[in-house]
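Below: one structure, written as structure tokens.
Okay, structure coming up:
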């Protein structure tokens, strides 16, 4: 709850939320979203609140866009509801976003690294067991290799695979069926069966397959995370173009005082030095200004603005210093509007994502029913093959899920 309160301070909200004419709009990341059912949980929780007008959730980018009635509900209540559902709301830009990205990247790298090293070591020992099954192996050596595989696979399972296990547990708590349920079920069944067979000193073990599966899933999620961070960094770079402080002039236009950009109001007079960015929309007060508007309009040739001519926030002064009068506050400036439009475009869901969200729960339910049917069928046909068949169905559906996630990302790239 402390994290939500930190996000609810007015200074932080200005970076990713706007309120005007009784309507508020916020775009932020929700850490913990991993499938369409997560989006359904957030949507269901927010729909129960009064004053919610529109909700857009992009599962691939974990981005949530909310429009609400400011007279009936506050942003802090919306964020608290999302946090209570098990998701951590984080701003798209600012120090909090940078720290969250860095921590997520470090954790993901550690998990991928451990899973990769564990997979390589397990495969070395598994080769010995595979060869021994054909050419013979001393029972004591086979037992040693089995227990060694158990020791190596355990941290891979419960550290590298923790995001998958936690995601499945969160799905159960929210009473939804997400794709992490099938993946976690396959991993837990294979790991448990391997532990039992290791203790019994008979039967097959799947430690190498478990570690390899976790490694590829973790690697895929890491690549997806990097792509998501790059998308967020585009918004961050655009937002960071504005300076944190500006020079406010007095009535005589002679003395300037450095003040935060957030404190600038309509009618203030600012001094824009050579090479500085025009922080807000306004008009030239004295002396012509040579302005580069490439960041805002794409025009690469500097334009001369005479006294009284309008200025766009985000343009750069490439001439001498001049004075300007503010005609729009920082949150209403052209550049800030571009940031909001970019955030909204990245948060809106593609058509395929909407369809996936609607069908996800029924798909998982059918997968579990199919898995049960396959297991029962093989139990009566050939009991020894029932368990491998169940694992094969669960693993295959998991691969279909991650392929669909890549298709969602490809469609979003084409659309944006």
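Numbering (this note's numbering), first residue to last: 889 to 1304. Glycine residues also receive a C-beta, built at the ideal position from the N, C-alpha and C atoms. Remember, predicted model here, so these are calculated numbers, not experimental data.
Nonlocal neighbours in the same chain, by C-beta distance under 6 Å from residue i, ignoring five residues either side
| i | result |
| --- | --- |
| residue 892 | Confidence in residue 892 is poor, its pLDDT being 39 and thus under 50, which makes the residue's placement too unreliable to answer from. |
| residue 897 | Any reading at residue 897 needs caution, since the residue's pLDDT is 38, under 50, leaving its predicted position unreliable; the model's value is listed next. Same-chain partners within the cutoff: there are none. |
| residue 1267 | 1274 |
| residue 1091 | 1085 |
Between the CA atoms of residue j and residue i - distance to the nearest angstrom
| i | j | result |
| --- | --- | --- |
| residue 1083 | residue 1033 | 13 Å |
| residue 942 | residue 954 | 6 Å |
| residue 1184 | residue 1055 | 41 Å |
| residue 1285 | residue 939 | 39 Å |
| residue 1154 | residue 1141 | 16 Å |
| residue 973 | residue 1194 | 55 Å |
| residue 1275 | residue 1263 | 7 Å |
| residue 1157 | residue 1135 | 9 Å |
| residue 1116 | residue 936 | 29 Å |
| residue 1177 | residue 1198 | 11 Å |
| residue 1110 | residue 996 | 6 Å |
| residue 1071 | residue 1105 | 10 Å |
| residue 1206 | residue 1191 | 10 Å |
| residue 890 | residue 951 | Unreliable placement is indicated for residue 890, whose pLDDT of 35 sits below 50; the coordinate value is still reported in the next sentence. Roughly 21 Å between the two C-alpha positions. |
| residue 1066 | residue 1256 | 11 Å |
| residue 978 | residue 1000 | 24 Å |
| residue 1269 | residue 1002 | 39 Å |
Residue i (DSSP reduced to helix, strand or coil)
| i | result |
| --- | --- |
| residue 1210 | strand |
| residue 1034 | helix |
| residue 979 | strand |
| residue 1152 | coil |
| residue 932 | helix |
| residue 864 | The structure shown does not extend to residue 864, since the chain spans only 889 to 1304, so no value can be given for it. |
| residue 1171 | strand |
| residue 1189 | coil |
| residue 1204 | strand |
| residue 1016 | helix |
| residue 959 | coil |
| residue 919 | strand |
| residue 996 | helix |
| residue 1180 | strand |
Other residues of its chain near residue i: CB distance less than 7 Å, five sequence neighbours each side excluded
| i | result |
| --- | --- |
| residue 1078 | 1094, 1097, 1098 and 1279 |
| residue 1035 | 1086 |
| residue 1068 | 922, 923, 1052, 1055, 1056 and 1059 |
| residue 927 | 921, 945, 947 and 1245 |
Among the options, the one whose alpha carbon lies nearest that of residue i
| i | options | result |
| --- | --- | --- |
| residue 1008 | 1219, 1153 and 1040 | 1040 |
| residue 998 | 965, 1047 and 1019 | 1047 |
| residue 1253 | 1053, 1064, 921 and 996 | 1064 |
| residue 988 | 919, 960, 1025 and 930 | 919 |
| residue 1081 | 1171, 1038, 977 and 957 | 1038 |
| residue 1251 | 1225, 1282 and 1223 | 1282 |
| residue 963 | 1107, 946, 912 and 1089 | 912 |
| residue 1180 | 1200, 1171, 1173 and 1169 | 1200 |
Counted within 10 angstroms of its Cβ, other Cβ atoms place residue i as buried (16 or more) or exposed
| i | result |
| --- | --- |
| residue 1015 | exposed |
| residue 1188 | exposed |
| residue 1143 | exposed |
| residue 975 | buried |
| residue 1151 | exposed |
| residue 1029 | exposed |
| residue 1139 | exposed |
| residue 991 | exposed |
| residue 910 | exposed |
| residue 957 | exposed |
Cβ neighbours of residue i in the same chain (closer than 8 Å, five flanking residues each side left out)
| i | result |
| --- | --- |
| residue 1305 | Shown here, the chain extends from 889 to 1304; a query on residue 1305 therefore has no answer. |
| residue 1075 | 1045, 1049, 1052, 1053, 1098, 1101 and 1102 |
heavy atom of the ligand PLP below 7 Å from residue i C-beta
| i | result |
| --- | --- |
| residue 1214 | Of the ligands one can find in the structure shown there are none, so the ligand PLP has no counterpart to examine. |
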